[in-house]
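Residue numbers (the UniProt record's numbering): 1 to 202.
For glycine and all other residues, C-beta sits at the position ideal for the given N, C-alpha and C.
In what follows, a single structure is set out as structure tokens and then discussed.
Printed below as a string of structure tokens:
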């Protein structure tokens, strides 16, 4: 901003003084930041990887089923994921996580196109934390049941079943491992959002 005094001299004020400080939350109209765009692309890729991991975990657990025969095929015992409520919760939770991540891709694209549009980042940050808690809880609960299936518990007379249902245990174990991959990816997404807010403050 320019001012003139009585002597005809011109005083040029700095743009920072004339405009004041920039708001903490951007409106998406500021000059695009290259680093924020790169972070937006990384966010999108991580979400795609987390979708694949969550869907793989849900599908693997949801198709875990095995029938074992005893005493020359006279007795048949079936083991399925829906026999264990924890595994049923696992499948539902992983499906919810995958569904959320698919919907969040739209907001992730917005953060790439408009890097300073903080509202989208705040929404992603909040819901990512909620979904991370859900994924971690279901993965941990399922991991505990898988441990019992492999090792049993002598104190409570819970017998290990993986000797009779090896294929079933292999599938549920793979589903749990894959779910923890999704949990790690969600943690990276939350950390990435937090780092982006630090850049915004600076």
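Top-ranked residue by Cα proximity to residue i, from the options
i           : options            : result
residue 207 : 141, 196, 34, 42   : In the structure as shown, the chain begins at 1 and stops at 202. Residue 207 is therefore absent and cannot be evaluated.
residue 55  : 192, 101, 142      : 101
residue 174 : 86, 104, 142       : 142
residue 93  : 111, 44, 179, 198  : 179
residue 37  : 113, 137, 177      : 113
residue 209 : 41, 57, 44, 42     : This structure does not reach residue 209, given that the chain is present from 1 up to 202, and the question cannot be answered.
residue 91  : 158, 60, 156       : 60
residue 165 : 35, 127, 79, 98    : 79
residue 81  : 154, 194, 168, 191 : 168
residue 192 : 140, 154, 125      : 125
residue 128 : 154, 64, 41, 98    : 98
residue 53  : 162, 145, 146, 139 : 139
residue 227 : 146, 96, 155, 34   : The question about residue 227 has no answer here: the residues shown for the chain are numbered 1 through 202.
residue 62  : 34, 144, 95, 190   : 95
Per-residue DSSP class, three states only, for residue i
i           : result
residue 155 : coil
residue 51  : helix
residue 84  : coil
residue 161 : coil
residue 21  : In this predicted model, residue 21 has a pLDDT of only 46, less than 50, meaning its place in the structure is not dependable; the value taken from the coordinates is given anyway. Note: residue 21 maps to coil in three-state DSSP.
residue 32  : At residue 32 the pLDDT is 47, less than 50, meaning the model places this residue with poor confidence and gives no usable figure here.
Practice problem: Would you check if the region 128-146 and the region 172-189 touch, i.e. whether three or more CB-CB distances between them fall below 8 Å? | Solution: yes
Quiz item: Does the region 46-53 touch the region 149-159, meaning 3 or more C-beta pairs lie closer than 8 Å?
Solution: no
Exercise. Tell me, please, whether the region 107-120 touches the region 78-86 by the rule of three or more beta-carbon pairs shorter than 8 Å.
Key: no
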